[in-house]
Amino acid sequence: MTTATAAAATAAPLAPAPKRRRARGRQRTTLAAWGFAAPFVILFLVFLAGPIVASFFMSFTDMTTRDLRSPLNVEVVGFANYIALFQDPRFLHSLVNTGVFVIIGVPLTMALALLIALGLDKGITKFRTVFRVGYYAPVVTSIVAIAIVWRFILQPDGLLNAFLAVFGISGPNWLQSTTWALPSLILMAVWRNIGTLMVIFLAGLQGVPREQHEAAMVDGANVFQRFGHVTMPALRPTILFAAVITGIGFLQFFEEPFVMTQGGPLDATLSAAMYTYDQFGFGNYAFASAASYVLFLAIVVLSLIQFRFLGRKD
């Protein structure tokens, strides 16, 4: 009896239970996952979520440049900045310009991109790869390089007016005309954004079942009936996605007027995003924050409308 007790006392300690080992393993896995995710989470909180929340609260204050040295002097003014925004004719004018840009630019871009994608999908041209690269090239090209090309096209003695002169038409000074400056920038933006939507529509068309087209052809459907009853229903999710991202992009209309016209002439091409940028430049931080949240609200409303009308199922 004494010998058995001594042997038990000198035996090696019992190994941890399997449940305990699994728990420790999960803890180590969790800590490792947080370790890998920590840099992204920190950057997200500091450079994205933090400024978004800060600008929202800033929009209810009177903060300007002078308050950077004495933040304690900042006062809460409630909705005064939002009320002042809608009493500013320049801001209302920028909203109208942005609305015109969206109403004309979004459907025109989507229609042209879908038309090109259909042509490339059906193999109308033998040089499909060349055309795909050509249509997509403006998307990856610097806006500065694009501006140089379009300034050459839209100059009073530029390529477009030279083309119109062939038909006896005297073209205007496109970028200096309060009537034609905005349509010129819309044309430029449409040309620049067609490539992205063309790729999206082309991918969507690849997913349309060929069997349905063949069955419709057997039933005697012509090309327009097949497009309306086979292609469009299958392409509806793709169209919804394209409409949402294009609408958001066009509401943030900034690069084209900033590079080409600086919002002129006489604010004819001033957009809401450019108005916000100007207010930040003037040091009206609270006012600019309020303008940015009005633009954000417009984006949300437009997206909900698109989901309402394009996302419904028949």
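Numbering of the sequence shown is given in the UniProt record's numbering, commencing with residue 1 and proceeding in unit increments.
Every residue, glycine too, gets a C-beta built ideally from N, C-alpha and C.
| Item | Value |
| --- | --- |
| Closest Cα partner of residue 319 within the set Ile52, Ala37, Leu108 | The question about residue 319 has no answer, for the chain in this structure spans 1 to 314. |
| Where Ala117 falls, given that 16 or more other Cβ within 10 Å makes a residue buried | buried |
| Straight-line Cα distance separating Ala54 from Glu255 | 25 Å |
| Integer-rounded CB distance, given that Phe296 should sit under 8 Å from Ala273 | Ala273 to Phe296, Cβ: 11 Å. No contact. |
| Gln206 versus Leu85: straight-line alpha-carbon distance, rounded | 47 Å |
| Given Val140 as reference, the closest of Trp191, Trp180, Arg22, Pro183 once Cα atoms are compared | Trp191 |
| Coil, strand or helix - Thr61 by DSSP | strand |
| Closest by C-alpha distance to Gln306, when choosing among Asn173, Gly119, Val106, Ile52 | Val106 |
| Inter-residue Cα distance where the pair is Pro265 and Trp150 | 17 Å |
| Where Ala72 falls, given that 16 or more other Cβ within 10 Å makes a residue buried | It is Leu, not Ala, that sits at residue 72 in the sequence shown. Looking at its Cβ environment, which holds fewer than 16 other Cβ atoms inside 10 Å, Leu72 is exposed. |
| For Val139, the three-state DSSP class (helix, strand or coil) | helix |
| Exposure of Arg226, with buried meaning 16 or more beta-carbon neighbours within 10 Å | buried |
| Residues near Gln279 by beta carbon distance below 7 Å, same chain, minus five either side | Phe287, Ala288, Ala291 |
| Reduced DSSP secondary structure (H/G/I, E/B, other) of Val190 | helix |
| Arg236 versus Leu95: straight-line alpha-carbon distance, rounded | 29 Å |
| Alpha-carbon spacing of Glu75 relative to Asp88, whole angstroms | 22 Å |
| Contact check, Val230 vs Val208, beta carbons under 8 Å | yes |
| In DSSP terms, what Val76 is bridged to | Thr61 |
| Val102 to Pro257 span [Cα, whole Å] | 14 Å |
| Whole runs of the alpha helix (DSSP H) within the stretch 202-241, excluding any shorter than 4 residues | 210-218, 223-226 |
| C-beta atoms of Gly204 and Thr246 nearer than 8 Å | no |
| Alpha carbon of Ser70 to alpha carbon of Asn284, nearest angstrom | 15 Å |
| Beta carbon of Leu182 nearer than 8 Å to that of Asn97 | yes |
| Nearest candidate by alpha-carbon position, reference Ser184, set Phe40, Gly263, Arg21 | Gly263 |
| Alpha-carbon to alpha-carbon, Thr64 and Val294 | 19 Å |
| Whole-number beta carbon distance between Ala137 and Gly195, since they are thought to touch under 8 Å | 7 Å |
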